[in-house]
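**Student:**
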Amino acid sequence: MTSAFPQHASTSKSTIIDTHTHLLSTFALYRSKYPEGQYETAFDFVKGVYAGKGVETIVDVWCEPEELADGKWEGVQYRFVIGAHEAKSYTPAVESEILTALSHPSFVGLGEIGLDYHYTLSPPDVQQRVFAQQLRIAVDCGIPITVHTREAEEDTERIMKDIVPKDHRVHIHCFADTAAFGLRLLEYFPNLRVTGVVCYATNLNTPELLKQMSATDNKWILLETDAPYMVPANVYDALEPKQSRLPFSHSPMIPWTAEFVAGIMGEGWDTERVLDVAREGAKRVYGV
1 MTSAFPQHAS TSKSTIIDTH THLLSTFALY RSKYPEGQYE TAFDFVKGVY
51 AGKGVETIVD VWCEPEELAD GKWEGVQYRF VIGAHEAKSY TPAVESEILT
101 ALSHPSFVGL GEIGLDYHYT LSPPDVQQRV FAQQLRIAVD CGIPITVHTR
151 EAEEDTERIM KDIVPKDHRV HIHCFADTAA FGLRLLEYFP NLRVTGVVCY
201 ATNLNTPELL KQMSATDNKW ILLETDAPYM VPANVYDALE PKQSRLPFSH
251 SPMIPWTAEF VAGIMGEGWD TERVLDVARE GAKRVYGV
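Residue numbers for the sequence shown follow my numbering, so the first one is 1 and each next one is one higher.
(1) Quick one: measure Cβ to Cβ for V261 and V108, integer angstroms, because I've assumed they're closer than 8 Å.
(2) Within a Cβ cutoff of 7 Å, which residues of the same chain sit near P247, ignoring the five residues on either side of it in sequence?
(3) With three or more beta-carbon pairs closer than 8 Å as the criterion, would you say the region 264-273 touches the region 236-252?
(4) Whose C-beta lies closer than 8 Å to the C-beta of A9 among residues of the same chain, with five residues either side of it excluded?
(5) Using only alpha-carbon positions, find the residue among G83, E95, S122, Y119 that is nearest to M147.
(6) Within a Cβ cutoff of 7 Å, which residues of the same chain sit near I254, ignoring the five residues on either side of it in sequence?
(7) Spatial neighbours of R184 within its chain, please: CB distance less than 7 Å, with the 5 preceding and 5 following residues excluded, ordered by chain position.
(8) Mind pulling the beta strand (DSSP E) runs of 3 or more residues that sit fully within the region 144-196?
(9) Spatial neighbours of R279 within its chain, please: CB distance less than 7 Å, with the 5 preceding and 5 following residues excluded, ordered by chain position.
(10) Just the C-alpha distance for H104 and R79, rounded to the nearest angstrom, thanks.
(11) Return the chain-ordered list of same chain residues with a C-beta closer than 7 Å to the C-beta of F45, the five sequence neighbours on each side being excluded.
(12) Do D177 and E153 come within 7 Å of each other at the CB atom, strictly closer than that value?
(13) Out of curiosity, what's the CA-to-CA distance linking P144 and P241?
(14) Please determine, among V285, D116, L121, the residue with the shortest C-alpha to C-alpha distance to C174.
(15) Between V59 and H22, how many whole angstroms is the CB-CB distance? I'm expecting something under 8 Å.
(16) Please state whether the Cβ-Cβ distance between G71 and F43 is less than 7 Å.
(17) Express the C-alpha separation of L68 and A51 in angstroms, rounding to a whole number.
(18) Would you tell me roughly how many angstroms separate the C-alpha atoms of V49 and D162, rounded to the nearest one?
(19) Compare the C-alpha of Q127 against each of Y90, V94, W73 and name the closest.
(20) Does K53 come within less than 7 Å of chain E when only Cβ atoms are used?
(21) For P232, I'd like the list of residues in its chain whose CB is within less than 6 Å of its CB, leaving aside the five on either flank, ordered along the chain.
(22) What's the gap between the Cα of G268 and the Cα of A87?
(23) As an exercise, report each continuous alpha helix (DSSP H) stretch of at least 4 residues that is fully enclosed by the region 2-37, in chain order.
(24) Leaving out the 5 sequence neighbours to the left and right, which residues in its chain are closer than 7 Å to V139 when beta-carbon positions are compared?
(25) Taking only the alpha-carbon atoms, compute the straight-line gap between R193 and R136 and give it to the nearest angstrom.
(26) Measuring CB to CB, does I113 end up less than 7 Å from Q134?
(27) What number of angstroms, rounded off, separates the C-alpha of K211 from the C-alpha of T149?
(28) So, at 7 Å on beta carbons, what are the nonlocal neighbours of H85 in its own chain, with the 5 sequence-adjacent residues on each side left out?
(29) In the DSSP assignment, find the unbroken beta strand (DSSP E) run with F80 in it and report its ends.
(30) Can you name the start and end residues of the beta strand (DSSP E) that E56 belongs to?
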């Protein structure tokens with residue numbers, strides 16, 4: 001099998017819950033990189049690459065065709081979140097589509113939604129208005145929230161604390177902001193969980209947050225790939241022959257992230273324990 005699909009050496013019996021992935025984007029990159037590859041549909045791709053590799057559930061960010069949610073998935077549980085991330089495109093029609101999706105049996109949360117002042121694809125005031133509107137929908141319906149926040153700590157914290165009840169289930173995905181900000185959210189929202197850009201030397205914030213979490217409470221850990229993005233940096237040690245870059249990440253790479261997290265958390269932690277804690281966290285937040 002191509003080295004795009006390396007196998008982790010862990011003998012862990014813990015199952016993998018990828019709490020944030022973009023499945024069709026991952027499959028599209030696979031087809032682009034390997035046009036003669038054996039997997040011709042997203043269903044075949046998941047069956048061949050994910051099933052049998054310890055992947056129990058994927059939580060897809062659903063901006064993709066409805067047939068995925070209604071499809072027959074062999075060996076892997078498919079669940080999705082839906083929300084308007086690009087605020088300037090938020091319309092009554094988009095909101096109606098979101099509301100309709102809430103009743104689908106594979107739906108598990110509203111997201112990813114939030115504020116991104118790094119790219120500012122939409123003006124900050126528009127982002128804030130749409131973020132608040134979608135938070136209200138989630139609160140009114142009692143459904144979990146997947147939050148994307150980048151370089152918008154003050155506004156994200158203010159809006160969330162103004163609208164979201166303390167006991168609401170929240171997933172802060174792809175966290176890379178300051179540890180102090182993360183700790184404030186964790187202290188305020190007891191049912192909040194965090195996944196971070198943890199495996200890269202350029203990001204010091206998430207490892208610092210994990211270290212501080214390990215000294216207080218470890219229950220806040222979730223694991224995600226954000227596939228096809230964020231290939232874990234430590235996966236390259238397993239590649240033969242060595243490669244400088246893989247074309248995409250995918251859910252079976254989660255054990256490498258768990259291994260990296262265990263190294264940060266310190267004594268008493270290993271890959272299996274991180275996977276176990278993340279498994280329970282996914283059950284708590286998304287019910288999967």
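Note that beta-carbon positions come from the ideal geometry of N, C-alpha and C, so glycine has one too.
Given the structure is predicted, the values throughout are model-derived calculations rather than measurements.
**Tutor:** According to the structure shown:
(1) For this step, residue 261 is matched to residue 261 along the sequence shown. For this step, residue 108 is matched to residue 108 along the sequence shown. Not quite, the Cβ-Cβ distance comes to about 23 Å (not below 8 Å), so this is no contact.
(2) Locating residue 247 in the sequence shown gives position 247, counting from the first residue. Hits under 7 Å: A4, L29, K33.
(3) no
(4) As a first step, residue 9 is located in the sequence shown; it is residue number 9 there, counting from the start. Once the five neighbours on either side are set aside, the close Cβ partners of A9 are A238.
(5) Position 147 of the sequence shown, counting from 1, holds the residue named residue 147. The sequence shown places Val at residue 147, rather than the Met named in the question. Cα-wise, what sits closest to V147 is G83.
(6) As a first step, residue 254 is located in the sequence shown; it is residue number 254 there, counting from the start. Within the same chain, I254 has close Cβ partners I16, D18, L223, T225.
(7) Counting from 1 along the sequence shown, the entry for residue 184 is found at position 184. Cβ neighbours of R184 beyond the five flanking positions: E157.
(8) 145-150, 170-175, 192-196
(9) As a first step, residue 279 must be located in the sequence shown, where it is residue number 279. Correct list, in chain order: S14, T15, I17.
(10) Residue 104 sits at position 104 when you count from the first residue of the sequence shown. Residue 79 sits at position 79 when you count from the first residue of the sequence shown. Straight-line Cα distance between these residues: approximately 10 Å.
(11) As a working mapping, residue 45 is identified with position 45 in the sequence shown. Closer than 7 Å at Cβ, skipping near neighbours: F27, Y30, Y39.
(12) By 1-based counting over the sequence shown, the position of residue 153 is 153. By 1-based counting over the sequence shown, the position of residue 177 is 177. Taking 7 Å as the Cβ cut-off, E153 and D177 qualify as a contacting pair.
(13) For the purposes of this step, residue 144 is taken as the residue at position 144 of the sequence shown. For the purposes of this step, residue 241 is taken as the residue at position 241 of the sequence shown. Straight-line spacing of the CA atoms in P144 and P241 works out to 42 Å.
(14) Residue numbering aside, residue 174 sits at position 174 when the sequence shown is read from its first letter. Nearest of V285, D116, L121 to C174, Cα basis: D116.
(15) Translated into the one-based positions of the sequence shown, residue 59 becomes position 59. Translated into the one-based positions of the sequence shown, residue 22 becomes position 22. The pair is not a contact, with the Cβ atoms about 11 Å apart (cut-off 8 Å).
(16) In the sequence shown, the residue the question calls residue 71 occupies position 71. In the sequence shown, the residue the question calls residue 43 occupies position 43. In this structure, F43 lies closer than 7 Å to G71 by Cβ.
(17) Sequence index remark: in the sequence shown, residue 51 carries index 51 (1-based). Sequence index remark: in the sequence shown, residue 68 carries index 68 (1-based). Rounded to the nearest whole angstrom, the C-alpha separation of A51 and L68 is 16 Å.
(18) Numbered from 1 along the sequence shown, position 49 holds the residue referred to as residue 49. Numbered from 1 along the sequence shown, position 162 holds the residue referred to as residue 162. If you take the alpha carbons of V49 and D162, they lie about 42 Å apart.
(19) Indexing the sequence shown from 1 puts residue 127 at position 127. Comparing Cα-Cα distances from Q127 to each of Y90, V94, W73, the minimum goes to Y90.
(20) Protein chain content of the structure displayed is limited to a single chain, and chain E is not contained in it.
(21) The sequence position of residue 232 within the sequence shown is 232, counting from 1. Same-chain partners within the cutoff: C199, M253, W256, T257.
(22) For the purposes of this step, residue 268 is taken as residue 268 along the sequence shown, with counting starting at 1. For the purposes of this step, residue 87 is taken as residue 87 along the sequence shown, with counting starting at 1. Going by the C-alpha atoms only, they are around 43 Å apart.
(23) 23-33
(24) What you label residue 139 is simply residue 139 of the sequence shown in a count that begins at 1. So the qualifying residues of the chain are I163, V164, P165, H168.
(25) By 1-based counting over the sequence shown, the position of residue 193 is 193. By 1-based counting over the sequence shown, the position of residue 136 is 136. Roughly 19 Å between the two C-alpha positions.
(26) On the sequence shown, position 113 is the one that residue 113 refers to. On the sequence shown, position 134 is the one that residue 134 refers to. Their beta carbons are under 7 Å apart, which means I113 touches Q134 by this criterion.
(27) Taking the sequence shown and counting its residues from 1, the one referred to as residue 211 is at position 211. Taking the sequence shown and counting its residues from 1, the one referred to as residue 149 is at position 149. Between K211 and T149, the C-alpha separation is close to 21 Å.
(28) On the sequence shown, position 85 is the one that residue 85 refers to. If we look at H85 and ignore the five residues flanking it on each side, its Cβ neighbours are E112, I113, H148.
(29) Taking the sequence shown and counting its residues from 1, the one referred to as residue 80 is at position 80. Counted as a single uninterrupted DSSP element, the beta strand (DSSP E) harbouring F80 occupies residues 77-82.
(30) Working through the sequence shown from its first residue, we reach residue 56 at position 56. Its beta strand (DSSP E) spans residues 55-61.
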